[in-house]
Amino acid sequence: MEYGDALSVQPYCRSGTTENCHYNQRCSLPVFVLKTKTMPQTTSDNKIPVVNNFVESPENPSNGLYFADGKRKVDYVLVYHYRRPSLLRRFSGQHRLSVISNGSFTLPIGKKDAQAAKAEPEVVLDMEPIDPSEGEKALVREEFEAGLVEAGLEIERDKEHKTQGVSFIRLHAPWLVLSREAEFLKIKVPTKKSYELQDERGLSGMMTVLWRKLSKPFQPKVPHLNTESRTKFLSHSFSRDKLHLYDIKQKDTFFDNATRSRIVYEILRRTSCTRTSQANGLNSLLAKGVYESAFPLHDGDFKGADKDDQRNDRQLLHDEWARYGAFYKYQPVDLIRKYFGEKIGLYFAWLGVYTQLLIPASIVGVFVFFYGYATMDTNVPSMEMCDRSQNFTMCPLCDGACDYWHLSTACDTSRASHLFDNPATVFFAVFMSLWAATFMELWKRRQISLNHSWDLMALEEEEEHPRPKYETILQQKRHKKMRTKKHKTEPAQQKLTWRDRMPGYIINISSILFMFGLTFSAVFGIIIYRITTSALMAMSPDPETKANVRVTVTATAVIINLVVILILEEIYGTVAVWLTELEIPKTERSFEDRLILKSFLLKFMNAYAPIFYVAFFKGRFAGRPGDYVYVFNDYRMEECAPGGCLIELCIQLSIIMLGKQLIQNNICEIGIPKLKKLYRTLKEKNAAPKDSDSQEARAPQRWDLDYDLEPFEGLTPEYMEMIIQFGFVSLFVASFPLAPLFALLNNVIEIRLDAKKFVTELRRPDAIRAKDIGIWYSILGGIGKFSVIINAFVISFTSDFIPRLVYQYMYSETGTMHGFIDHTLSYFNVSNFKPGTAPTSSQFQKDVVFCRYKDYREPPWSPEAYQFTKQYWSVLAARLGFVILFQNVVMFLSMLVDWMIPDMPKTISERLKREKTMMVDVFLREEKEKLQLIHNLFLKDGAGKTRGNTLPPLQKQQKADDTGPQTRCRAASFSQFSRQASQNKKVKHTEV
13 MEYGDALSVQ
23 PYCRSGTTEN
33 CHYNQRCSLP
43 VFVLKTKTMP
53 QTTSDNKIPV
63 VNNFVESPEN
73 PSNGLYFADG
83 KRKVDYVLVY
93 HYRRPSLLRR
103 FSGQHRLSVI
113 SNGSFTLPIG
123 KKDAQAAKAE
133 PEVVLDMEPI
143 DPSEGEKALV
153 REEFEAGLVE
163 AGLEIERDKE
173 HKTQGVSFIR
183 LHAPWLVLSR
193 EAEFLKIKVP
203 TKKSYELQDE
213 RGLSGMMTVL
223 WRKLSKPFQP
233 KVPHLNTESR
243 TKFLSHSFSR
253 DKLHLYDIKQ
263 KDTFFDNATR
273 SRIVYEILRR
283 TSCTRTSQAN
293 GLNSLLAKGV
303 YESAFPLHDG
313 DFKGADKDDQ
323 RNDRQLLHDE
333 WARYGAFYKY
343 QPVDLIRKYF
353 GEKIGLYFAW
363 LGVYTQLLIP
373 ASIVGVFVFF
383 YGYATMDTNV
393 PSMEMCDRSQ
403 NFTMCPLCDG
413 ACDYWHLSTA
423 CDTSRASHLF
433 DNPATVFFAV
443 FMSLWAATFM
453 ELWKRRQISL
463 NHSWDLMALE
473 EEEEHPRPKY
483 ETILQQKRHK
493 KMRTKKHKTE
503 PAQQKLTWRD
513 RMPGYIINIS
523 SILFMFGLTF
533 SAVFGIIIYR
543 ITTSALMAMS
553 PDPETKANVR
563 VTVTATAVII
573 NLVVILILEE
583 IYGTVAVWLT
593 ELEIPKTERS
603 FEDRLILKSF
613 LLKFMNAYAP
623 IFYVAFFKGR
633 FAGRPGDYVY
643 VFNDYRMEEC
653 APGGCLIELC
663 IQLSIIMLGK
673 QLIQNNICEI
683 GIPKLKKLYR
693 TLKEKNAAPK
703 DSDSQEARAP
713 QRWDLDYDLE
723 PFEGLTPEYM
733 EMIIQFGFVS
743 LFVASFPLAP
753 LFALLNNVIE
763 IRLDAKKFVT
773 ELRRPDAIRA
783 KDIGIWYSIL
793 GGIGKFSVII
803 NAFVISFTSD
813 FIPRLVYQYM
823 YSETGTMHGF
833 IDHTLSYFNV
843 SNFKPGTAPT
853 SSQFQKDVVF
863 CRYKDYREPP
873 WSPEAYQFTK
883 QYWSVLAARL
893 GFVILFQNVV
903 MFLSMLVDWM
913 IPDMPKTISE
923 RLKREKTMMV
933 DVFLREEKEK
943 LQLIHNLFLK
953 DGAGKTRGNT
963 LPPLQKQQKA
973 DDTGPQTRCR
983 AASFSQFSRQ
993 ASQNKKVKHT
1003 EV
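Here the sequence shown stands for residues 13 to 1004, where the numbers follow the numbering used here.
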C-alpha cells in the first residue's frame, strides 16, 4: 500500500449479512472488512483538487497561513477530536480511515469503479468495541466535507498519526468561489471610479480643517489605510459581469482576509448533511459535537516586523491600538472593521464616541464638585449644624443603649454632604440629561458616517438559518406526529407554535420572579446586617467604636453588597442563557435579543436595587420617637444621617461603581482568560497519549496557535458592562457628580484592555456585517429617558434642595437660609418614650425634657401632637411639583436637541447624491460604448453579405411619408456580451 492510499472500513457480521449490523448496536466483538483503495496521486481530472497530506513546518515566517504548496491561503479551519481503534495497527505509508455505514454513503473523492473495487484484497481484523458516536461523527464529516468540495472549496487535512488527538481541516476558497459568493451576498467592492472629497465651506469647514491639524498627533499610523486621503472610490455590488469596473490587480488579494473568511463561513453555514444526519450547516454540527470548533486564522503573529510596510494587520492593531502606551491615540476604526468585521467595528466605534463624550461630562462634574468644596464654609445650614452654641439635643439613635447626642457632632457629615448636595447638582442633573440625548444623536450621525464609509447604506438583512436546537425540537415534533398519525400527510412547512413554547414561557416568568425575590432578599439581608450591627456597636463600651458606628456600618455593608452583586451577576448570566434556551428561539438574532433583554433586566435589578433602597426608601419608614417601626420586634428600622441620605447614596454609588469596574471588568477580564488557557493546556497535556510510534514533533502552525486561544463568545458581555456603567453615569448623577470622571478613566483602560484581548487572547471572530448596534440602542434610549425621572426624584425627595427653597421663599423672615436647621427639627417629650426604649444611662448633666428629631411634626404641647405640620404638606407639594416641572422641561429640551441635530450629516447626504449620479453616468457610458461597438461590428460584417436586420441603425431618420410602425432601438444587457460564445448562441431575445 503506497502513500495516498485510503482505508475504508465496512461492518461485517459473522452471519455473513450486513443488513442488521450497525455501528450503534453493541455487538460482541464485531468484525470489520478492511479494503485498501489506492487513491490517485494527481488531481488533473478534478477541477477542485483535494490535498490530503501532512503539512511539515516550513521555515518561512508565514507558518500555517497557506496550504502545503505555499500559494493557497487558509481561509477557514475546522477542528475535531478523533480516536482510532487501538488494535488497528499502522501500515506502511499514510492511510485515511473512511467509515462507511452499510455502503449507503461513500466518499465521492478518489473512489474507484465497482470492478476495480472487487479486485482489491480484503483483510479481516477483529477490533475492540469503540464508541458508536465516533463512527457516526466520521460519517457526518465525510458527507459534510464532500458537500464543501462540491461547493468549490479546497480542503487540506492533517494526518491522524496518533491514537487520539485533535485534527485540523483547512479550507481555501479559489477565485471562482469567491466571485460567485460575493455576487450572491451582494458584497460591495471599490471600483476604479473615484472623486475628491470636498470640505464644508464657511466657519464649519475652517473648524474641520483646524481640528484635523490639531488631532494629527493623536491619529494612529496605519500605512495602507490613510485617513488623511481626500479621495473616495465609488463602490458597487460585486458582479462577475462587470469585472472591468473594479480595480483588480491580483485576484488572490482583491478580497481581504475577513471577506474571504466570511464567504467561506456562509458556505459552511448552508451546507447540509441530509443522508447521515439531519443537520443544516456548521452550527448544527458544532452543537452535535461533530466538530469541536471552527474559526478563521489570524494574520500571523502580533509581534514581529518593526517596519510599517512589513507589518500585517494584526501587528498594526497591536502596535497602534492594543498597547497601553497608545491610550492617547484615536482608535483605527477602519482597520478594526477590516480585520474583525463591521459588527465588532461598530462596537469599538460606539465605545469611542461614548468615551469622548465623557470628557465634557467629567469636566462639568469636577466643576460641580469643586463648587461644593468652595462654598462649604459659607453654607448656612452646615454652619448652623456645626455651631455648638445652638445646642440641639437629639433623640437617641437606638433603644436603651444609646444616649442623647448633640447635633454639632455630625458637623463633618454635613460638610461632606454639601459637596454633592448643592444648587449646582440640579444644573448638573439637567446637563447630564441633555448630554445623554446629545450622545444618542451624535452616535446616530457617527453610525451613518461609518455606514457610508463602509458601504453599508444599502445593507439588507440576511436570511438567517434556524438554530440547531430549534431544528432538533422541530424534528422531534415531526417524528411524534408521524407516530401518532401514520396515515395523514404532514404539511410541507411546519414550525413550533406558542403551545410548544408555553412550558418555557411559564418557567421563564416564574424563574424571573424568583430571581427578583432573591435580589430583594439580598437587599433585605444587607438591611438586617446594618440594623443589627449598628445596635451591637452602639452597646460597645468603647467610645471610639460608638463614634464611628455609622461610617463603619455603611462601609462594610456596601462592600458586602458589592460581593453579593458580583456573585449574583454571574449566576444571573448563566440562568439567562438557560431561560432563553427554554423559549426555543428560531434564529440566532432572536436568541441574542431575548438573551440581552433577560440579562439586562436581571443585572440591572441586581446592580441598582440597593441603590434604589438608599435613595428612595431608607429612613422614610422608620417612624418617630415613641412610635418607631421595628424589624422582628427587636430592631428599629435604620434612619438617614443628620445631613440626609444623599451622602450615603454617594458612598454606595462610588464603591459599587468603582469596585464593579475594577474587580469584574478589569481584573476578571485579565485573569479569567489566562486561567482558562492554563487549565485547557494542562488538560490537553494530561489527556494526550504517549504514542511510541508518533512522529517527531513539528513546530506549531498558525492554526495550532489560534486553537490555543480562547473562543470568541460574542459582544454581549462587553456591551452589558458599558450599559450598566452608562446607568451609573446617568441615573443617579445628581448624587455623584464625579461618576463621569471615574467612567472616563475606566474606559480609557477598558478600550485598550478589550483591544488587547481581541488581538492577542481570542481566536479571530467571524466577520459579521451589521449597520447598527441593534437592540442596545433602544436600551440606551430607555435608560436616558428613565434617568430624567430618577434624577428628578433624587433632587426632590433625597436631597434637601426643595425644603431649602420652600423655607427660603415661604417661611424665612429674612429671606435667607438662617434658621433652616431649627425649622426642620421637631420636638419630642422624653416622657412619651415607650417602656424600655429610653436611654438607661445618660452623660448629660441636666435632665433632658425635650429631644429633637428631623421631621415636620407638631410639638408635644400642640393639640395635634406629633401629627404632620402644614410645612410638611407644603414641602411634599413642592417636591411633586418639581418632579413634574423637571421632567417636562428636560424632556422638552431633549426633544429640542434631537430636532436640532440631524441624523444624517449634510456632507454625507451630498456625497450619496453625487455617488449615485456618478454611478449612473458610469453605467450609461458603458452602455453607449457597448452599443457603439455592436453597431460597428454589424457595419463591418454587413458589407457584401445578406443577413437579417438584427439591430436597427443607431441614427436613422424615418421618412415623412412612412406611416408604418416605428422600430425602437433595444439596449444590450450588461452581461450579454461577457458570456462565452457557446452560451450566447443559446440566448434568444424576445421582441420588444
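No residue lacks a Cβ here, since even glycine has one placed at the ideal position from N, Cα and C.
{"Check": "For Asn-324 versus Gly-337, is the C-beta distance shorter than 7 angstroms?", "Outcome": "no"}
{"Check": "What is the DSSP secondary structure of Lys-85, counted as helix, strand or coil?", "Outcome": "strand"}
{"Check": "If you reduce the DSSP assignment to three classes, tell me which class Pro-723 lands in.", "Outcome": "coil"}
{"Check": "Jot down the residue ranges of each uninterrupted alpha helix (DSSP H) in the segment 541 to 598, minimum 4 residues, whole runs only, in chain order.", "Outcome": "555 to 559 and 561 to 594"}
{"Check": "Could you give the DSSP three-state label for Glu-166: helix, strand or coil?", "Outcome": "strand"}
{"Check": "Once DSSP output is grouped into helix, strand and coil, what is the label at Lys-925?", "Outcome": "helix"}
{"Check": "Please determine, among Asn-520, Gln-664 and His-477, the residue with the shortest C-alpha to C-alpha distance to Ala-619.", "Outcome": "Gln-664"}
{"Check": "Tell me, please, whether the segment 446 to 458 touches the segment 424 to 438 by the rule of three or more beta-carbon pairs shorter than 8 angstroms.", "Outcome": "no"}
{"Check": "Whose C-beta lies closer than 6 angstroms to the C-beta of Phe-986 among residues of the same chain, with five residues either side of it excluded?", "Outcome": "Since pLDDT at Phe-986 reaches only 39, below the 50 mark, its modelled position is unreliable, and the value read off the structure follows with that caveat. Closer than 6 angstroms at the Cβ level, and outside the excluded window around Phe-986, lie Asp-253."}
{"Check": "For His-830, name the three-state secondary structure that DSSP assigns.", "Outcome": "coil"}
{"Check": "Please state the DSSP three-state secondary structure of Leu-90.", "Outcome": "strand"}
{"Check": "Pull up the CB-CB distance for Arg-400 and Ser-429, whole angstroms please, since I reckon it's below 8 angstroms.", "Outcome": "Arg-400 to Ser-429, Cβ: 19 angstroms. No contact."}
{"Check": "If you check the beta carbons only, do Pro-232 and Lys-83 fall under 7 angstroms apart?", "Outcome": "no"}
{"Check": "Give the single residue among Arg-542, Lys-952, Leu-591 and Phe-748 whose Cα lies nearest to the Cα of Ser-522.", "Outcome": "Leu-591"}
{"Check": "With a threshold of 8 angstroms on Cβ separation, who are the neighbours of Ile-538 within its own chain once the five nearest residues in sequence on each side are excluded?", "Outcome": "Ala-569, Ile-572, Asn-573, Val-576 and Pro-622"}
{"Check": "Name the DSSP bridge partner or partners of Ala-306?", "Outcome": "Leu-90"}
{"Check": "Can you give me the C-alpha to C-alpha distance between Arg-242 and Ser-206, rounded to a whole angstrom?", "Outcome": "10 angstroms"}
{"Check": "If you reduce the DSSP assignment to three classes, tell me which class Ile-682 lands in.", "Outcome": "helix"}
{"Check": "Rounded to the nearest angstrom, how far is the Cβ of Gln-713 from that of Gly-76, given a contact under 8 angstroms?", "Outcome": "3 angstroms"}
{"Check": "Run the CB neighbour count on Thr-265, radius 10 Å, all protein chains shown included, and call it buried at 16 or more, exposed below.", "Outcome": "exposed"}
{"Check": "Determine contact between the segment 641 to 648 and the segment 817 to 827, defined as no fewer than three beta-carbon pairs at a distance below 8 angstroms.", "Outcome": "no"}
{"Check": "Mark Phe-754 as exposed unless 16 or more other C-beta atoms lie within 10 angstroms of its C-beta, in which case mark it buried.", "Outcome": "buried"}
{"Check": "For Ile-596 versus Ile-485, is the C-beta distance shorter than 7 angstroms?", "Outcome": "yes"}
{"Check": "For Ala-782 versus Glu-354, is the C-beta spacing smaller than 7 angstroms?", "Outcome": "yes"}
{"Check": "Residue ranges of each beta strand (DSSP E) run of no fewer than 3 residues wholly in the segment 604 to 636, ordered along the chain?", "Outcome": "none"}
{"Check": "What number of angstroms, rounded off, separates the C-alpha of Phe-314 from the C-alpha of Gln-676?", "Outcome": "26 angstroms"}
{"Check": "For Leu-358 versus Ile-785, is the C-beta spacing smaller than 7 angstroms?", "Outcome": "yes"}
{"Check": "List the DSSP bridge partners of Met-406.", "Outcome": "Trp-417 and Arg-864"}
{"Check": "When the Cα atoms are used, what is the spatial distance from Phe-379 to Phe-532?", "Outcome": "36 angstroms"}
{"Check": "From the DSSP output, which residues share a beta bridge with Asn-841?", "Outcome": "Phe-862"}
{"Check": "Leaving out five residues before and five after Leu-209 in sequence, what residues of the same chain have Cβ atoms less than 6 angstroms from its Cβ?", "Outcome": "Arg-242 and Lys-244"}
{"Check": "Specify, as a first and last residue, the run of the alpha helix (DSSP H) that Gly-214 falls within.", "Outcome": "214 to 226"}
{"Check": "Kindly indicate the opening and closing residues of the alpha helix (DSSP H) around Glu-453.", "Outcome": "435 to 465"}
{"Check": "Closer than 8 angstroms is the cut-off here; do at least three beta carbon pairs connect the segment 712 to 726 with the segment 291 to 307?", "Outcome": "yes"}
{"Check": "May I have the straight-line CA-CA distance separating Lys-261 from Phe-440, to the nearest angstrom?", "Outcome": "57 angstroms"}
{"Check": "Closer than 8 angstroms is the cut-off here; do at least three beta carbon pairs connect the segment 785 to 794 with the segment 869 to 886?", "Outcome": "no"}
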